[in-house]
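In case it helps, this note's numbering puts the sequence shown at residues 61 to 112. Beta carbons: idealized from backbone N, C-alpha and C, even for Gly. Please read these numbers as outputs of a predicted model, since none were measured by experiment.
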Amino acid sequence: MKEFLGHAHIGVTAGVYAHVRLRFQRQGIDALVGILSQTDAPDDSPTAAVVR
61 MKEFLGHAHI GVTAGVYAHV RLRFQRQGID ALVGILSQTD APDDSPTAAV VR
């Protein structure tokens, strides 16, 4: 990738584009939290299930 972008060292590539990776990770975490925070089930529903 560094060659494609014309960077002499991988550290330059990592330093320039690391924030993009972190931003996408944060967006993914935020989306997952939003999904897990939704409560469509009634309050008396079981919170755990037996798995065998």
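Endpoints, the alpha helix (DSSP H) within which residue 87 is located: That run of the alpha helix (DSSP H) goes 70-97.
Test item: CB-CB of residue 79 and residue 73 under 8 Å: Going by C-beta atoms, residue 79 is not nearer than 8 Å to residue 73.
CA-to-CA distance, residue 75 to residue 91, given in whole angstroms: Cα to Cα, residue 91 sits roughly 26 Å from residue 75.
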